[in-house]
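> Those protein sequence lines, which keep their order, are chains A and B. Following this note's numbering, the numbering of the first sequence begins with 216 at its first residue and continues without gaps. Following this note's numbering, the numbering of the second sequence begins with 6 at its first residue and continues without gaps. The beta-carbon is built from N, C-alpha and C at its ideal position, and this holds for glycine as well. All values derive from a computational prediction rather than experimental measurement.
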Amino acid sequence: NAGVTQTPKFRILKIGQSMTLQCTQDMNHNYMYWYRQDPGMGLKLIYYSVGAGITDKGEVPNGYNVSRSTTEDFPLRLELAAPSQTSVYFCASSYGAGGVTTQYFGPGTRLTVL
Amino acid sequence: GESVGLHLPTLSVQEGDNSIINCAYSNSASDYFIWYKQESGKGPQFIIDIRSNMDKRQGQRVTVLLNKTVKHLSLQIAATQPGDSAVYFCAENDDYKLSFGAGTTVTVRA
């Protein structure tokens with residue numbers, strides 16, 4: 216199993232541009248999550264999904280959108296990129312609810328908005 | 006504000022010594038806690054977890070202690086090795102999501 220994979224690894228955007236961060240897991244996990252990690256800080260939850268077709272906002276959803284059309288994929292969309300969105304983005308998945316089962320993380324996407 | 010935090014942002018430890026990383030949480034209703042290790046340029050990696058009906062759990066070279074009275078969590082690493090150098094995060098369940106602290110950077114001295 217590849218686990219959780221993310222693409223791209225790095226990206227530089229100009230202010231106002233849009234992009235989609237890809238996340239795929241091959242563990243047949245129902246739950247998937249998007250976090251951002253700013254320098255020297257912990258992870259903050261952006262959006263999460265409890266199954267295909269179901270998504271919900273986390274702690275910091277503004278400026279982002281998600282979709283979950285399949286169990287495997289959970290892309291994160293940035294519309295009108297802003298410098299405040301410069302961060303490292305991690306996707307994670309878990310078999311059950313995040314509060315009671317382990318979340319497995321991807322390697323991250325480092326995004327810079329200039 | 007954050008409900009999970011770590012007492013010290015950095016910890017320097019001599020190779021072979023034991024490491025203790027501390028974490029305080031504020032939600033007395035939390036019933037599940039996880040420690041993650043994050044190496045430079047990588048995603049967080051699961052180390053060990055503990056449920057609130059336990060006060061101690063041991064893994065390979067790691068032990069997690071939970072003190073619900075003072076809402077404190079600690080991770081002990083035995084015989085610290087250079088490969089243990091990383092940022093360590095504690096996380097608690099928040100409803101059915103995880104809430105992470107800011108992390109402690111552990112540096113192992115040769």
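Compare the C-beta of residue 89 of chain B with all C-beta atoms of chain A and state if any pair is closer than 8 Å.
Taking Cβ atoms only, chain A never reaches closer than 8 Å to residue 89 of chain B, which makes this a no.
> Going along the chain, which residues of its own chain have a beta-carbon closer than 6 Å to the beta-carbon of residue 327 of chain A, five neighbours each way excluded?
227 and 301, listed in sequence order.
> Determine whether the Cβ of residue 103 of chain B lies closer than 8 Å to any Cβ atom of chain A.
Yes, contact with chain A.
> Say yes only if the C-beta of residue 261 of chain A is nearer than 7 Å to one or more non-hydrogen atoms of the ligand FAD, and no if none qualify.
Annotation note on the ligand FAD: not contained in the displayed structure, which lists no ligands.
> Are there 16 or more other CB atoms within 10 angstroms of the CB of residue 230 of chain A, so buried, or fewer, so exposed?
With fewer than 16 other Cβ atoms within 10 Å, it is exposed.
> I want to see whether chain B comes within less than 8 Å of residue 304 of chain A, judged by CB atoms only; does it?
No - not a single Cβ of chain B is within 8 Å of the one on residue 304 of chain A.
> Check whether the region 13–20 of chain B and the region 82–89 of chain B are in contact - that is, three or more C-beta pairs closer than 8 Å.
Yes: at least three Cβ pairs fall under 8 Å.
> Which first and last residues belong to the beta strand (DSSP E) in which residue 271 of chain A is found?
Note, residue 271 of chain A: beta strand (DSSP E), 269–272.
> If the cut is a Cβ gap below 9 Å, which residues of chain B does residue 225 of chain A touch?
The premise fails here: residue 225 of chain A is roughly 11 Å from chain B at the closest Cβ pair, so nothing lies under 9 Å.
> Mind pulling the chain A residues with CB within less than 7 Å of residue 108 of chain B?
Chain A residues near residue 108 of chain B: 257.
> Does residue 231 of chain A come out as helix, strand or coil in the three-state DSSP assignment?
Coil at residue 231 of chain A, not helix or strand.
> Pull up the distance between the alpha-carbon of residue 25 of chain B and that of residue 74 of chain B, whole angstroms please.
Spanning the two alpha carbons is a distance of roughly 19 Å.
> Does the beta-carbon of residue 80 of chain B have 16 or more other beta-carbons within 10 angstroms, so that it is buried, or is it exposed?
Classification for residue 80 of chain B: buried.
> Let me see if you follow: with CB-CB separation under 8 Å, is residue 263 of chain A close to chain B or not?
For residue 263 of chain A, the answer is yes, since a Cβ of chain B falls inside 8 Å of its Cβ.
> Among B:78, B:62 and B:109, which has the Cα closest to the Cα of residue 35 of chain B?
Closest by alpha carbon: B:78.
> Please check the pair residue 5 of chain B and residue 41 of chain B, which I expect to be a contact at CB under 8 Å, by giving their CB distance rounded to whole angstroms.
Look at the range of chain B in this structure, 6 to 115, and you will see that residue 5 of chain B is not part of it.
> Could you check what DSSP says for residue 50 of chain B in three-state terms: helix, strand or coil?
DSSP places residue 50 of chain B in strand when its eight states are reduced to three.
> Mind pulling the chain B residues with CB within less than 7 Å of residue 260 of chain A?
Near residue 260 of chain A (Cβ distances below 7 Å), the residues of chain B are 102.
> Helix or strand or just coil, what does DSSP make of residue 300 of chain A?
In the structure shown, residue 300 of chain A sits in a helix (DSSP, three-state: H, G or I).
> Within a Cβ cutoff of 6 Å, which residues of the same chain sit near residue 281 of chain A, ignoring the five residues on either side of it in sequence?
So the list reads 262, 270 and 291, once near-sequence residues are dropped.
> Which value, in whole angstroms, describes the spacing of the CA atoms of residue 53 of chain B and residue 61 of chain B?
Residue 53 of chain B and residue 61 of chain B: Cα-Cα distance of roughly 11 Å.
> Between A:220, A:279 and A:264, which lies nearest to residue 233 of chain A when the distance is taken from Cα to Cα?
With distances taken between Cα atoms, residue 233 of chain A lies closest to A:279.
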